[in-house]
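K.L.:
This is the structure, below, for whatever I ask next.
In this note's numbering, the protein residues as written are 885 to 1148.
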């Protein structure tokens, strides 16, 4: 799982653009973030790929008022409204964007799924991203929202730490030190991929979720101190709720601009 999914950055800066808080060029610069210029395929009214600036403007003209993040995983279609074609593509990518507001074409919603291609010689590689547009089902958002995602992540982290210590499979040596360093690191707002309009709590929740995502990546490198199949299975079962809570926190944080009650 990416700690900063491309779809999350598109949601955050796309919402800022749709709200008039940032200029189109600034939004696109933050969304692409060193990639080759992003393209959008399958946009209503276009029979070819178009640039991201034009696509965001077209979405606005179609009546889109906001964007939400989906971070699905096998068995957990988090943020996906359907239909199957869109859900399947988003699940394969591990992320997607869902539009909010009627798009002006029969009231349908849209879903955007990123397809990234890394090319070029080693040491001089570039990434080309195409956002493929799908029809999405018209269903109201069901969260998660910041307050609940914040509580869930804190509880899951506490429970996972306690369970790993009980199982004595938390890992030792270099990896244990790496985990401790991640927990101590508070980052900085300058590193945040969030955009103007996101409430302060979203910054805190995203910061915690990114630390947890890093811990999960470290934990996935080996089986810690687990020495048998039972302990390895127990460790995986302990980390699964933490991974889900992390994804829910990312969804809530990147989409927080659409949550009026979240401003603090």
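Where a beta carbon is used, it is the ideal one built from N, C-alpha and C, also for glycine. These numbers come from a predicted model, not from an experiment.
Taking Cβ positions, are residue 888 and residue 1028 nearer each other than 8 Å?
P.N.:
It is not a contact, given that the beta carbons lie outside the stated cut-off.
K.L.:
Where does residue 892 fall in DSSP's three states?
P.N.:
Here residue 892 sits in helix by DSSP.
K.L.:
Following the continuous alpha helix (DSSP H) through residue 941, name the residue where it begins and the one where it ends.
P.N.:
936 to 945 is the extent of the alpha helix (DSSP H) around residue 941.
K.L.:
When DSSP labels each residue in this structure, what does residue 954 get in the three-state scheme?
P.N.:
Residue 954: strand per DSSP, three-state reduction.
K.L.:
Once the 5 residues before and after residue 920 are set aside, which same chain residues still bring their CB inside 7 Å of it?
P.N.:
Answer for residue 920: 1010, 1011, 1012, listed in chain order.
K.L.:
Going by C-alpha to C-alpha distance, which of 1138, 1142, 1093 sits closest to residue 1127?
P.N.:
The shortest Cα separation from residue 1127 among 1138, 1142, 1093 belongs to 1093.
K.L.:
Got a sec? Which residues, its chain only, sit under 6 Å from residue 973 by beta carbon, not counting five neighbours each side?
P.N.:
Correct list, in chain order: 997.
K.L.:
For residue 893 versus residue 1077, is the C-beta spacing smaller than 8 Å?
P.N.:
Going by C-beta atoms, residue 893 is nearer than 8 Å to residue 1077.
K.L.:
List the DSSP bridge partners of residue 1010.
P.N.:
Bridge partners of residue 1010: 1003.
K.L.:
Tell me whether residue 1034 is buried or exposed, calling it buried when 16 or more other Cβ atoms sit within 10 Å of its Cβ.
P.N.:
Buried.
K.L.:
With distances taken Cα to Cα, identify the nearest neighbour of residue 985 among 1023, 1016, 1000.
P.N.:
That would be 1023, whose Cα lies nearest to the Cα of residue 985.
K.L.:
Counting Cβ pairs, one atom from each stretch, are 3 or more of them under 8 Å apart for the stretch 946 to 959 and the stretch 905 to 914?
P.N.:
The stretch 946 to 959 vs the stretch 905 to 914: no contact.
K.L.:
Among 1123, 900, 898, which residue has its Cα nearest to the Cα of residue 1043?
P.N.:
Of the listed residues, the one whose Cα sits closest to residue 1043 is 1123.
K.L.:
Who are the near neighbours of residue 970 in its chain, counting only those whose CB is closer than 6 Å to its CB and skipping five residues on each side?
P.N.:
Cβ within range, chain order: 995, 1018, 1020.
K.L.:
Measuring CA to CA, which of 946, 926, 1085 is closest to residue 1143?
P.N.:
With distances taken between Cα atoms, residue 1143 lies closest to 1085.
K.L.:
Count the other CB atoms within 10 Å of the CB of residue 932; is the residue buried (16 or more) or exposed (fewer)?
P.N.:
That one is exposed.
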